[in-house]
Amino acid sequence: MILAGPGTGPARPPAVPEFAVLAELLRERQGIDLGAPVADDRGSESVPHFQLFGTDEGTPLAAFEEHADGTVYLAYLAPTGPEWYDVGRADDTEESRNRVIPVGRGRRRFADAQQHNVRLDKWASPARAFPADRGPVPQWLVFPLPLLDSCAADRARLVALEARQAERAHGARALIALVRRPVERTVLERLRRRLASPACRRRRAPDWGTALAAVAGARAQLGVARATPPLPGAGDYCFRDVVSKLDPVLGNSGPPEWQTILPVDSRSAEEDQENGQRRADPDRPLDAPGNHAVSWDELVHLTQTDLARAFRILRWSGHPSREDIKDRPIPWIESAANGVVTNSFLSGADYAGDHYEPPPGYWLGVAPPVAPEGCGTFNAQHALCDDWIVYLRPDPEYGFLLAYDTEREEPEQGLGNFGDDLQANLENEVEQWLFPVGYRPEPGDRIHLVGRWVIDCGHEDWHAELHPIEAYVSAHTRVHVAASGGVEAVASVVVTGDWPGGRLALDVWPPARPAAATRLAWRRDRAGAAPSGLSVAETLEPGATPNHLHLDVVSTAARHPLDTGDWNEVEPHPTRRLAARYHLWWRERSASDTGRVR
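My numbering numbers the first residue of the sequence shown as 12 and each following residue consecutively.
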């Protein structure tokens, strides 16, 4: 018990134990300070535990909700963020950069807004960063009950022994290893049999009390992601060079404009193509026993559990070479980032030779783009084929998507995503005609963005990008007087022609739940273009107590690699697309409520 002494404020309400532990881990691992409880646990039958956290400085920063299955959800609203500006006037051409445009609650030069938004020390409170009827949506985090592992020590021993067996020793150590390995192989087989038995199967903890008291080190097993550092060695992907637009004349011998970091393993029985696919064991051939090409989910998991191994897997391996890129399309594994949009604007100019124009009759949005000209032959400016550029500040666990290099022969060389322009932001690009007007990400939006992870070899900083952008969900809040809490989330959901098809899972999240006894409602605008070349299934999740809308996007045609050119530019699919706007809000629960509002 803490007694309030002279001069202290009122005692804080007690925290739900699992909420307190999760809040502490977020502070340790990501630098997110939720403060402390500002209200008692106010659960309901459908949400057994519900508690607001915050500081003494203002409104609550976070809402924890625990569902009947033990899953904890957290809606966190950062105290500051970048300033919104009118993206319809955000043009990075020389003559437009100094134009005064609407920014936050006032007006400012576009160039100044750009520079301020990439700097954390210039971020403002929502009351200053957004117009009066607009605001940020929270970051939602999900914490399932942890898996309990009664055989964790044996599992760690197995990993250590396998690593030692794979070592290449020399001299006297090689002789020792020769004697030791048969014994270790026997131990390995025994450990593998034990770990494969039902007794060693990981089991979900029945409740948080059991999870937190189960074994020493249980906190380490809780699903709170750690901040990750940026990818090193970016210059290796660009052959430690910068692409030249004269390469076609010089024989295409230098690096491509964009170098793919995660190529797909596209080998077949007929062809053994080396695309640079990332191997679980980069020191052994891909077809070696037990080796395989890593997936995106596997890589993300490794950045949390074995960062050194993840970066070893990602080291440049010599492929795809420029010859590979000229010889065939280089398919890629989709990568994704969550974060906050800091800038969103039209590129000032682009090289026309590696950009594509829209097909005739392509729907460009609710209004004509501000730069509707043709692409031209060399310098594209005020053109539909110019890139639309989105900067996002990634959440701490996605820091590995940023890149840098230690080489500094030139002032900007090797700075990666840490130069003056980006300052730890991830740049993302696609031809602007693929982003319909009225559905473009806006500064201050919370965004989930999917694309091809590349190193941009067209700049000496060798920074990382998601380029091209395949899909995104970009959201903010608007005033909704009938909603419980007074606001709704407005989300633009876009799938571009640079998505190769297949299946895509997207989630649309609402504002924080204002009280336990509320129910999620939603609707989709009927305006806009009809989905083309794909279908969308919409489902409220989870189960009987939903707190978000899940979208399952499936292409009509089977997934197929898109064509890539000599610079590794991607030719978009001419008809596949989605542009939709969703509204999500909370209302008081009723027995007949289905959530869908037409």
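In this text, a Cβ means the ideal position worked out from N, Cα and C, and glycines have one as well.
Report the three-state DSSP secondary structure of F389 (helix, strand or coil). coil
Y450 to V461, Cα distance in whole Å? 16 Å
Coil, strand or helix - P407 by DSSP: The three-state secondary structure of P407, taken from DSSP, is helix.
Could you tell me which residues DSSP puts in a beta bridge with N354? Y402
Contacts around R139, its chain only, beta-carbon distance under 7 Å, and the 5 residues preceding and following it disregarded: G115, R116
Ends of the beta strand (DSSP E) at V484? 475-490 is the span of the beta strand (DSSP E), which, as asked, contains V484.
Taking C-alpha atoms, which residue in D472, P522, H584, Y402 lies nearest to A101? Y402
With 16 other Cβ atoms within 10 Å as the buried cut-off, status of P340: buried
Nearest to V547 (by Cα), restricted to the options L560, G410, R404, A538: Looking at L560, G410, R404, A538, the one whose alpha-carbon comes closest to that of V547 is L560.
Given G244, which residues of its chain have a CB within under 7 Å of its CB, disregarding the five upstream and five downstream residues? A distance below 7 Å between beta-carbons, with the five flanking residues on each side excluded, links G244 to the following residues of its chain, in chain order: R326, W327, D416.
Could you spell out where the alpha helix (DSSP H) holding P113 opens and where it closes? Note, P113: premise wrong, no alpha helix (DSSP H); beta strand (DSSP E) at 111-114.
Would you mind stating whether P553 and L445 have Cβ atoms separated by less than 8 Å? no
Runs of 4 residues minimum, wholly inside the segment 270-357: which ones carry the alpha helix (DSSP H) assignment? 307-316, 318-325, 333-338
If you drop the 5 nearest sequence neighbours on each side, which residues of the same chain put their C-beta closer than 6 Å to that of Q150? Y87
Test item: CB-CB of A482 and T507 under 8 Å: yes
Of the choices G455, R463, Q424, E453, whose alpha-carbon is the least far from that of V441? R463
Using the three-state DSSP reduction, which class does R53 fall into: helix, strand or coil? Coil.
Output needed for A26: all residues of its chain with C-beta closer than 6 Å, excluding positions within five of it in sequence on either side, in chain order. P48
CA-to-CA distance, G265 to L426, given in whole angstroms: 20 Å
Using a Cβ-Cβ cut-off of 6 Å (strictly less than) and excluding sequence neighbours within five positions of Q125, which residues of its own chain qualify? N354
Using a Cβ-Cβ cut-off of 6 Å (strictly less than) and excluding sequence neighbours within five positions of T550, which residues of its own chain qualify? H561
Let me check one thing: in DSSP terms, what residues is P48 bridge-paired to? F64
Within 8 Å, do at least three Cβ pairs link the segment 405-420 to the segment 377-384? no
Helix, strand or coil for E195 per DSSP? helix
With distances taken between CB atoms, is the gap from L375 to P274 smaller than 8 Å? no
Tell me the DSSP secondary structure of A591 in three-state form. strand
Taking C-alpha atoms, which residue in P28, F30, L33, L37 lies nearest to E408? L37
Write down the C-beta distance between V129 and L433 rounded to the nearest angstrom, noting that I regard them as a contact closer than 8 Å. 6 Å
Cβ contact check for the segment 95-114 and the segment 568-577: 3 or more pairs under 8 Å: no
Please confirm whether G410 and P147 have their CB atoms less than 8 Å apart. no
Assigned secondary structure, L551 (DSSP; H/G/I helix, E/B strand, else coil): strand
Mind checking whether D509 and P479 have CB atoms under 8 Å apart? yes
Determine, using beta carbons only, whether P585 and P379 come nearer to each other than 8 Å. no
Check whether the segment 520-536 and the segment 493-500 are in contact - that is, three or more C-beta pairs closer than 8 Å. Yes, the segment 520-536 is in contact with the segment 493-500.
Reducing DSSP to helix, strand and coil, say where L14 ends up. Its pLDDT being 29, under 50, L14 is placed unreliably by the model, and the measurement read from it follows with that caveat. In the structure shown, L14 sits in coil (DSSP, three-state: anything other than H, G, I, E or B).
Spatial neighbours of V490 within its chain, please: C-beta separation below 7 Å, excluding the five flanking residues on both sides. D144, G497, V498
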